[in-house]
Amino acid sequence: MDVDPLEMSAADQAEIHRVQRIVQVLLRSGLAAAVVLMAVGVTGKVITGVHAAPAVKLFALGDAPSWPDFCMALGVLVLAATPALRVLALVVLWSRERDWHFVGVACVVVMTLTLAILVGRG
Amino acid sequence: MMVITAVLVEAGRAGFVEEAGEGGVTAAHHPAPVLSGGSGSTTPQGEPIGWEEPGTLAGAFYDDHRGALVSYRAVRLGLGAAVSLLAGAVSGMLGVGGGFLKVPAMTEGMKVPIKVAAATSNFMIGVTAIASLFVYFARGYLHPYAAAPVALGVVGGALVGAVTSSKVSPRTLRWILVAVLVLVAVQMALKALGVDLGR
Chain X
130 MDVDPLEMSA ADQAEIHRVQ RIVQVLLRSG LAAAVVLMAV GVTGKVITGV HAAPAVKLFA
190 LGDAPSWPDF CMALGVLVLA ATPALRVLAL VVLWSRERDW HFVGVACVVV MTLTLAILVG
250 RG
Chain H
177 MMVITAVLVE AGRAGFVEEA GEGGVTAAHH PAPVLSGGSG STTPQGEPIG WEEPGTLAGA
237 FYDDHRGALV SYRAVRLGLG AAVSLLAGAV SGMLGVGGGF LKVPAMTEGM KVPIKVAAAT
297 SNFMIGVTAI ASLFVYFARG YLHPYAAAPV ALGVVGGALV GAVTSSKVSP RTLRWILVAV
357 LVLVAVQMAL KALGVDLGR
């Protein structure tokens, strides 16, 4: 059963704001980390010389042909993982608000993302 | 690249909690609201934002440009779902973002404010994009040296766009949307005629 947030206690609202603050830190940190990793990787690639290199696989990042390739691939992974974690945070946030419709929708999105990883792994 | 925009929009959305004061949380710097049924905050005057009607696609956001609270309620959800299905199919077939279809569908069909539609479209595209990214990445189709420089370039543009969106009028945003739609239409027509501008 949904609960009207206007009737939530101050403690509940404070808890939701706390979760939102965590989400904010998560998103900004993820974006910053991804940008730094990709910038370091691109710079390293330019310095060490650009050579044709094989693609990097998600589950074999350690097999990247060089450290710049590893940095760039890790940066892309962090960038992709950040909104995925945001969806997980939404599940937590809406659960605390007891907004079950949106908890269900967010869970479907999480399952879709999980399925994408499993399909890719083959 | 769509993922970057989504992260920036969401980071900006979450950013309003930085403005927390004694009386609660202000949304004075709430640049990119996302269509949502919950997750409220309050205006500088202490009015609740986005708390209404959990479980429904309705809400409100503080518009910096107008200096006022804007309430909305999405209608014709079936139409939105149908156009999103079409947008996904077109995006998958042609390699173009589906935002140019989803944003008009939300603003004209579902009666959602254009700023909410833009932010919602970014979030939708970001999540759907990472689903396919994980598949391609896991199968070894990702070339970091092609992806990373482009991603870095888009970060700057997405940041400017997300911040600018909250400062300009909905009318200006609509004209920008019209210009983008015309450009996409011209590009697609030229492609169909076999004209490649990239050569």
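Same order as they appear, the protein sequences are chains X and H.
Position 42 (the first sequence) corresponds to 171 in the numbering used here; numbering is contiguous.
Position 100 (the second sequence) corresponds to 276 in the numbering used here; numbering is contiguous.
Ideal Cβ positions, reconstructed from N, Cα and C, are used throughout, including at glycine.
For I246/X, the chain H residues whose C-beta falls within less than 7 Å of its own C-beta are F310, A314, listed in chain order.
Looking at I290/H, Y248/H, V303/H, the one whose alpha-carbon comes closest to that of G264/H is V303/H. As the crow flies, the alpha-carbon of L255/H is around 42 Å from that of A168/X. Excluding the 5 residues flanking it on each side, L277/H has same chain C-beta neighbours closer than 7 Å at V259, L262, A263, V266, in chain order.
Considering only beta carbons, no part of the region 272-286 of chain H lies closer than 7 Å to chain X. Straight-line spacing of the CA atoms in V220/X and V232/X works out to 5 Å. L328/H is positioned such that its CB atom lies no closer than 8 Å to that of A184/X.
The contact set of M240/X on chain H, defined by CB atoms closer than 7 Å, is empty, because the minimum CB distance reaches about 11 Å. Residue nearest to Y238/H within the set R347/H, S342/H, I301/H is S342/H (criterion: CA-CA distance). Within 8 Å of the CB of G249/X, the CB atoms of chain H belong to F310, V311, Y312, F313, A314, R315, in sequence order along the chain. The C-alpha of T348/H lies about 33 Å from the C-alpha of L309/H. By the neighbour-count criterion, in which 16 or more other beta carbons inside 10 Å mark a residue as buried, R250/X falls on the exposed side. The C-beta of H241/H comes no closer than 8 Å to any C-beta of chain X. For the region 223-237 of chain X, the beta-carbon criterion of a distance under 9 Å to any beta-carbon of chain H is satisfied by W223, E226, R227, D228, W229, H230, F231. Per DSSP, G285/H lies in no alpha helix (DSSP H) and is assigned neither H nor E.
Within chain X, the residues placing a beta-carbon under 7 Å from that of G302/H are P212, ordered along the chain. Within a 10 Å sphere around the beta-carbon of K287/H sit fewer than 16 other beta-carbons, which makes this residue exposed. Residues of chain H with a Cβ closer than 9 Å to the Cβ of L217/X do not exist; the shortest Cβ-Cβ separation is about 12 Å. Chain-order list of chain H residues neighbouring D198/X: P320, Y321, by C-beta distance under 8 Å. For A361/H, there are no neighbours in chain X by C-beta distance under 8 Å, as the nearest C-beta there is about 29 Å away. For L245/H, the uninterrupted beta strand (DSSP E) segment begins and ends at 244-249.
Listed along chain X, the residues sitting closer than 7 Å to A307/H by beta-carbon distance are T241, L242, A245. Not a single CB atom of chain X sits nearer than 8 Å to the CB of A263/H.
DSSP places F276/H inside the alpha helix (DSSP H), whose first and last residues are 275-280. Around the C-beta of M269/H, fewer than 16 other C-beta atoms lie within 10 Å, and the residue is accordingly described as exposed.
In this structure, G170/X lies near D198/X, with their beta-carbon atoms less than 8 Å apart. Taking a Cβ-Cβ cut-off of 7 Å, A250/H has no neighbours in chain X, whose nearest Cβ is about 13 Å from it. Put simply, the region 203-223 of chain X touches the region 152-166 of chain X. At least three CB pairs are less than 8 Å apart. Chain X places a beta carbon closer than 8 Å to that of A324/H, counting this residue as a contact. Under the Cβ distance rule, V221/X does not count among the residues neighbouring chain H, no pair being separated by less than 8 Å.
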